[in-house]
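Engineer: Here it is: the structure, laid out below.
Protein chains: 2
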Amino acid sequence: MTGSTDSTTRDAATDDDAAKEVAPLIAQRPKRADGRRNYDAILAAARTAFAEHGAGASLEDIAAKAGVAIGTLYRHFPTRATLVEASTRNGLEDLVAHAKHVSGTEEPLAALVAWMRQAVLHFSTFRGLVGILVRSMYDEGTPSHAMCAQMHGSGADLLTAAQDAGAIRADLTPVELFDLLHGIAWVRETTGPERDDSDRLIDLLVGGLTAR
Amino acid sequence: MTGSTDSTTRDAATDDDAAKEVAPLIAQRPKRADGRRNYDAILAAARTAFAEHGAGASLEDIAAKAGVAIGTLYRHFPTRATLVEASTRNGLEDLVAHAKHVSGTEEPLAALVAWMRQAVLHFSTFRGLVGILVRSMYDEGTPSHAMCAQMHGSGADLLTAAQDAGAIRADLTPVELFDLLHGIAWVRETTGPERDDSDRLIDLLVGGLTAR
DNA sequence: TTGACTACCTGAGGCTGCCTCCGGTTCACT
DNA sequence: AGTGAACCGGAGGCAGCCTCAGGTAGTCAA
């Protein structure tokens, strides 16, 4: 949906920039041809495995599926978190871009809600993702932290705009908003995409439960 | 808080009844003296371990802390789920009892909200509990299923009462309500009890996000 | 009190997955 | 072609899960 599959060209375009500006902690795309090849193969295998078995998928299986020894996987992605980060960075970037694109709109409430929907969708890409993202958001020194913080800012901006327009109660903080989004994302991630209530849950949240 | 610690007498009073009526799947309290002793010791160790390390705590550690070999633990609790079920049954019972107690009140909305608070608190007793409860709720043949279903019913009754009084929108289903509670419980369980926003989140949920 | 029955206990052992380390390989650059 | 660094492979140590065969000791009846 957001380019999480078959994003080879896109990786090539964005990873170099990201690697430069973001942090030394994030695994960088290797330069040597064989290294690049393996890096990409591992990433592709990881995306599939995470989608199928969640964030706890066996790393040895991923390495095998990528046709690579376990040591090679660890060379490129020293921790499970770095691998998760790399396979979900695109989605986070999309989220930030989307926020930038609609900021300043004439319908700040609609813009916020639409963004919330997309956020929940991405947070629940696979089982276990939300947990990792929450940790990343508040814990510096975590691979996804920079990107998460950026996305947090994007959401906060949309929220502020909606509040300034008087559409959202003024006492709602960004942290509270994200807590609620995380909760809904967790539900979606847990119950699976078959029974996907997330849009409805967001509506309930926004509209309120109590009768008018 | 709900009698989840030091509940020896209480266990003695309730477990026998529960074992009779609930299911053959749930580990029954053994009759022989040494068996009872070990069963209780394992349960106590498990409560501590789950509180400290979450539902994924090492079963071998629990056995060791209980002064028992690993095989003994598995004899009494054939799966991790049965152990979790046994250590959280009290809380679920409390929840059902609480609902029965306030049903028929003159303030159905207040009753519902108070119950929701207690539910969220119990669901997030330790990390990983909500996930297990959600699975139990919809998956028969799971140790906690019977108790979960009963609790589901209790919540649904309170919801219906509040809806009949016109206090809660009529189109809200019990499943949706529980989804939202689960989500909030997950947030609480994940962020830890230090920063406990759950009451506030419930208020936001009930009051609605949008400005009046 | 004694004996037998069997519920109960033990812990070695096979399995999976995590992660490290170092000898060997191969790419890239001159 | 030669060299150095980047890269790869996979054995191996560790932790946790779970099972099973053999031993132990409560319980109950005589």
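Residue numbers (full-length UniProt numbering), protein chains in the order written: chain A, 1 to 212; chain B, 1 to 212.
Where is the CB? At the ideal position from N, CA and C, for every residue including glycine.
Source: prediction; values computed, not measured.
#1: Could you name the residues of the region 190-202 of chain B whose beta carbon sits closer than 8 Å to any beta carbon of chain A, in the order they occur along the chain?
#2: Tell me, please, whether the CB atom of alanine 167 of chain A is closer than 8 Å to any CB atom in chain B?
#3: Looking at the C-beta of leucine 172 of chain A, does it have a partner C-beta in chain B at a distance below 8 Å?
#4: With DSSP as the reference, identify every bridge partner of threonine 210 of chain B, one or two as the case may be.
#5: So does the region 150-168 of chain A actually touch the region 175-187 of chain B, counting three or more Cβ pairs closer than 8 Å?
#6: Taking 8 Å as the CB-CB limit, is glycine 208 of chain A close to chain B?
#7: Who are the neighbours of valine 120 of chain A on chain B, taking C-beta pairs under 7 Å?
#8: DSSP state of residue 214 of chain B, grouped into three classes?
#9: Can you list the residues of chain A that leucine 59 of chain B reaches, using a CB-CB cut of under 9 Å?
#10: Would residue 222 of chain A pass as an interface residue toward chain B - the criterion being a Cβ-Cβ separation below 8 Å?
#11: Measure the alpha-carbon distance for isoleucine 62 of chain A versus tyrosine 138 of chain A and round it to whole angstroms.
#12: Using C-beta distances below 7 Å, list every residue in its chain close to threonine 142 of chain B, excluding the 5 sequence neighbours before and after it, in chain order.
#13: Mind listing, in chain order, the continuous alpha helix (DSSP H) runs of no fewer than 4 residues lying wholly within the region 73-110 of chain B?
#14: Quick check on DSSP: helix, strand or coil for glycine 35 of chain B?
#15: Taking a Cβ distance cut-off of 9 Å, strictly less, list which residues of the region 92-122 of chain B are near chain A, in chain order.
#16: Beta-carbon within less than 6 Å of threonine 105 of chain A's beta-carbon, same chain only, minus the 5 sequence neighbours each way: which residues are those?
#17: Roughly how many angstroms separate the alpha carbons of alanine 45 of chain A and phenylalanine 123 of chain B, rounded to a whole number?
#18: What residues from chain B crowd round glutamate 140 of chain A, counting only those whose CB sits closer than 9 Å?
#19: Looking at the structure shown, is valine 68 of chain A part of a helix, part of a strand, or coil, going by DSSP?
#20: On a Cα-Cα basis, can you pick out the residue from A:Glu60, A:Met147, A:Gly56 that is closest to leucine 92 of chain A?
#21: Tell me which residues share the same chain as alanine 13 of chain A and place their Cβ nearer than 8 Å to its Cβ, disregarding the 5 neighbours each side in the sequence.
#22: Taking 7 Å as the line, does the beta carbon of leucine 204 of chain A fall inside it for any heavy atom of the ligand GTP?
#23: Which bits of chain A does valine 134 of chain B rub up against, with CB to CB less than 9 Å?
#24: Could you name the residues of the same chain whose beta carbon sits closer than 8 Å to that of aspartate 199 of chain B, not counting the 5 residues immediately before and after it, in chain order?
#25: Pull up the distance between the alpha-carbon of aspartate 94 of chain B and that of glycine 183 of chain B, whole angstroms please.
#26: Can you look up serine 144 of chain A in the DSSP assignment and give me helix, strand or coil?
#27: Which bits of chain B does aspartate 179 of chain A rub up against, with CB to CB less than 7 Å?
#28: Select from A:Ala64, A:Thr88, A:Thr160, A:Val68 the residue whose C-alpha is nearest the C-alpha of leucine 109 of chain A.
#29: Quick one: Cα of alanine 69 of chain A to Cα of histidine 98 of chain B, how far?
#30: Rounded to the nearest angstrom, what separates glutamate 85 of chain B and serine 144 of chain B at their Cα positions?
#31: For glycine 71 of chain B and alanine 41 of chain B, which I take to be in contact (beta-carbon distance under 8 Å), what is that distance rounded to the nearest angstrom?
#32: Output the distance between the C-alpha atoms of methionine 151 of chain A and isoleucine 168 of chain A, rounded to the nearest integer angstrom.
Structural biologist: In brief:
#1: Thr190, Thr191, Asp197, Arg200, Leu201
#2: As a first step, residue 167 of chain A is located in the first sequence; it is residue number 167 there, counting from the start. True, the Cβ-Cβ gap to chain B drops below 8 Å.
#3: Residue numbering aside, residue 172 of chain A sits at position 172 when the first sequence is read from its first letter. So, interface residue.
#4: Position 210 of the second sequence, counting from 1, holds the residue named residue 210 of chain B. DSSP, once it has assigned bridges, lists A:Ile168 as partnering threonine 210 of chain B.
#5: no
#6: For the purposes of this step, residue 208 of chain A is taken as the residue at position 208 of the first sequence. Closer than 8 Å to some Cβ of chain B, the Cβ of glycine 208 of chain A qualifies, so yes.
#7: Here the question's residue 120 of chain A lines up with position 120 in the first sequence. Within chain B, no residue comes near valine 120 of chain A; the closest Cβ sits about 10 Å away, beyond 7 Å.
#8: Since the displayed chain B opens at 1 and closes at 212, residue 214 of chain B lies outside it and no answer follows.
#9: Locating residue 59 of chain B in the second sequence gives position 59, counting from the first residue. Simply none; closest approach about 17 Å.
#10: Given a span of 1 to 212 for chain A in the structure shown, any question on residue 222 of chain A remains unanswerable.
#11: Mapped onto the first sequence, residue 62 of chain A falls at position 62. Mapped onto the first sequence, residue 138 of chain A falls at position 138. Pairing isoleucine 62 of chain A with tyrosine 138 of chain A, the inter-Cα distance amounts to about 28 Å.
#12: Here residue 142 of chain B refers to the residue found at position 142 when the second sequence is read from its first residue. Once the five neighbours on either side are set aside, the close Cβ partners of threonine 142 of chain B are Ala81, Arg135, Ser136.
#13: As for any alpha helix (DSSP H) of minimum length 4 sitting wholly inside the region 73-110 of chain B, the runs are 80-102, ordered along the chain.
#14: Position 35 of the second sequence, counted from the start, is the residue given in the question as residue 35 of chain B. Of the three classes helix, strand and coil, the one that applies to glycine 35 of chain B here is helix, per DSSP.
#15: So the close ones are Leu109.
#16: Along the first sequence, one-based indexing puts residue 105 of chain A at 105. Excluding sequence neighbours, threonine 105 of chain A sits near Ala111.
#17: In the first sequence, counting from the first residue as 1, residue 45 of chain A sits at position 45. In the second sequence, counting from the first residue as 1, residue 123 of chain B sits at position 123. The alpha-carbon atoms of alanine 45 of chain A and phenylalanine 123 of chain B are separated by roughly 35 Å.
#18: Locating residue 140 of chain A in the first sequence gives position 140, where the first residue counts as 1. Among the residues of chain B, none has a CB under 9 Å from the CB of glutamate 140 of chain A; the nearest is roughly 16 Å distant.
#19: Here the question's residue 68 of chain A lines up with position 68 in the first sequence. Three-state result, valine 68 of chain A: coil.
#20: By one-based count along the first sequence, residue 92 of chain A stands at place 92. Among A:Glu60, A:Met147, A:Gly56, the Cα nearest to that of leucine 92 of chain A is on A:Met147.
#21: Residue mapping note: residue 13 of chain A aligns to position 13 of the first sequence, counting from 1. Residue confidence is low: alanine 13 of chain A scores 37 on pLDDT, short of 50, so the model does not pin down where it sits. Its coordinate-derived value is still stated next. None.
#22: The ligand GTP is absent from the structure shown, which contains no ligands of any kind.
#23: The count along the second sequence starts at 1 and reaches residue 134 of chain B at position 134. The answer, in chain order, is Val187, Thr190, Thr191.
#24: Reading the second sequence from its first residue, position 199 is the one you call residue 199 of chain B. If we look at aspartate 199 of chain B and ignore the five residues flanking it on each side, its Cβ neighbours are Arg117.
#25: If you number the second sequence from 1, residue 94 of chain B lands on position 94. If you number the second sequence from 1, residue 183 of chain B lands on position 183. When rounded, the distance between both Cα atoms is 21 Å.
#26: Within the first sequence, the letter at position 144 stands for residue 144 of chain A. The answer is coil: DSSP assigns serine 144 of chain A none of H, G, I, E or B.
#27: One-based indexing of the first sequence puts residue 179 of chain A at position 179. Those within 7 Å of aspartate 179 of chain A in chain B are Val187, Asp197, Leu201.
#28: Numbered from its first residue, the first sequence carries residue 109 of chain A at position 109. Of A:Ala64, A:Thr88, A:Thr160, A:Val68, the residue nearest in Cα terms is A:Thr160.
#29: Mapped onto the first sequence, residue 69 of chain A falls at position 69. Mapped onto the second sequence, residue 98 of chain B falls at position 98. Cα to Cα, alanine 69 of chain A sits roughly 56 Å from histidine 98 of chain B.
#30: Against the second sequence, residue 85 of chain B aligns to sequence position 85. Against the second sequence, residue 144 of chain B aligns to sequence position 144. The alpha-carbon atoms of glutamate 85 of chain B and serine 144 of chain B are separated by roughly 5 Å.
#31: Against the second sequence, residue 71 of chain B aligns to sequence position 71. Against the second sequence, residue 41 of chain B aligns to sequence position 41. Actually they are not in contact, since the Cβ atoms of glycine 71 of chain B and alanine 41 of chain B sit about 15 Å apart, beyond 8 Å.
#32: Along the first sequence, read from residue 1 onward, the residue named residue 151 of chain A stands at position 151. Along the first sequence, read from residue 1 onward, the residue named residue 168 of chain A stands at position 168. Between methionine 151 of chain A and isoleucine 168 of chain A, the C-alpha separation is close to 20 Å.
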